[in-house]
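Engineer:
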Amino acid sequence: SQKIEQNSEALNIQEGKTATLTCNYTNYSPAYLQWYRQDPGRGPVFLLLIRENEKEKRKERLKVTFDTTLKQSLFHITASQPADSATYLCALGGAAGNKLTFGGGTRVLVKP
Amino acid sequence: NAGVTQTPKFQVLKTGQSMTLQCAQDMNHEYMSWYRQDPGMGLRLIHYSVGAGITDQGEVPNGYNVSRSTTEDFPLRLLSAAPSQTSVYFCASRHSGTSVAYEQYFGPGTRLTVT
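Here the protein sequences come in this chain order: A and B.
Quick note on numbering: the first sequence equals residues 1 to 112 in my numbering.
Quick note on numbering: the second sequence equals residues 113 to 227 in my numbering.
(1) By a C-beta neighbour count over all protein chains shown, 10 Å radius and 16 as the cutoff for buried, is T132/B buried or exposed?
(2) If you draw a straight line from the alpha carbon of S179/B to that of P40/A, how long is it in whole angstroms?
(3) Compare the C-beta of F122/B with all C-beta atoms of chain A and state if any pair is closer than 7 Å.
(4) Does the segment 2-15 of chain A come close enough to the segment 184-196 of chain B to have 3 or more Cβ pairs within less than 8 Å?
(5) Any idea if S196/B is buried or exposed, counting beta-carbon neighbours within 10 angstroms, 16 or more meaning buried?
(6) Pairing CB atoms from the segment 83-103 of chain A with CB atoms from the segment 30-38 of chain A, are three or more of them under 8 Å?
(7) At a Cβ cut of 8 Å, what residues of the segment 158-191 of chain B count as close to chain A, listed as they run along the chain?
(8) Please classify M144/B: is it buried, with 16 or more other beta-carbons within 10 angstroms of its beta-carbon, or exposed?
(9) Against chain A, with Cβ distances strictly below 7 Å, would E142/B count as a contact?
(10) Which runs of the beta strand (DSSP E) fall wholly inside the segment 114-191 of chain B and span at least 3 residues, in chain order?
(11) Please determine if the segment 102-109 of chain A and the segment 11-23 of chain A are in contact, where contact requires at least 3 C-beta pairs separated by less than 8 Å.
(12) Determine whether the Cβ of G128/B lies closer than 7 Å to any Cβ atom of chain A.
(13) Along the beta strand (DSSP E) that carries T65/A, what are the first and last residues, could you check?
(14) Entirely within the segment 40-100 of chain A and at least 3 residues each: give me those beta strand (DSSP E) ranges in chain order.
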């Protein structure tokens, strides 16, 4: 069955450093991958989308890579700030697009 | 725009009771979906709809019904609540069309406890 794994342990990082999160998947050939941010008690908010034929995407301090050979996406937050503290979810979608499958999320805590 | 709205925010039910979770969006999105989120399990798709009158099952549909009579509304019905349905429920919507990779907009969630 399809499986998406994100590190369930919280990532503690010092302000100003780069946070790197991983999203690994098995038994899946996604057409695209999305990353969302979720704050406590709130719904997820879309951050970035990367398609299977793209290697890297950037948006401000965020960078996503997508390696379909390794079946892995990396999500980077550069120059991290305490306001970046949240849970980050990756989600994979197929070519048909009607079902988005989410990983369990990784909590990031940026300390001042 | 209000985006995606959900009511109620919190609900406590007794086993066997029924209820409807409401979801509405004002972005004219064709696609709407319901997820449940449990600790360590991520978001799991319950049901989705690609337009008014069209619904389909997701990963965990048992115990839930949906209907889509208008583009704006997509209610989720619990027919006979069970403790296993204790969870946080999120409604989401997005455009559909030639590109299926549109971002999803999520509502604020409904926290449901079944005793």
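Note that CB positions come from ideal geometry on N, CA and C, so glycine has one too.
On a predicted model such as this, the values are computed, not experimentally measured, just so you know.
Structural biologist: According to the data block:
(1) exposed
(2) 29 Å
(3) Taking Cβ atoms only, chain A never reaches closer than 7 Å to F122/B, which makes this a no.
(4) Between the segment 2-15 of chain A and the segment 184-196 of chain B there are fewer than three inter-stretch CB-CB distances shorter than 8 Å, so the stretches are not counted as touching.
(5) exposed
(6) yes
(7) Under the 8 Å Cβ criterion, the segment 158-191 of chain B contributes Y160, V162, D168, G170 and E171.
(8) Around the beta carbon of M144/B, 16 or more other beta carbons lie within 10 angstroms, which makes this residue buried.
(9) no
(10) 116-119, 122-125, 131-137, 143-150, 154-163, 166-169, 176-178 and 188-190
(11) Verdict: yes, contact present.
(12) no
(13) L62 to D67
(14) 45-51, 56-59, 62-67, 72-77 and 86-93
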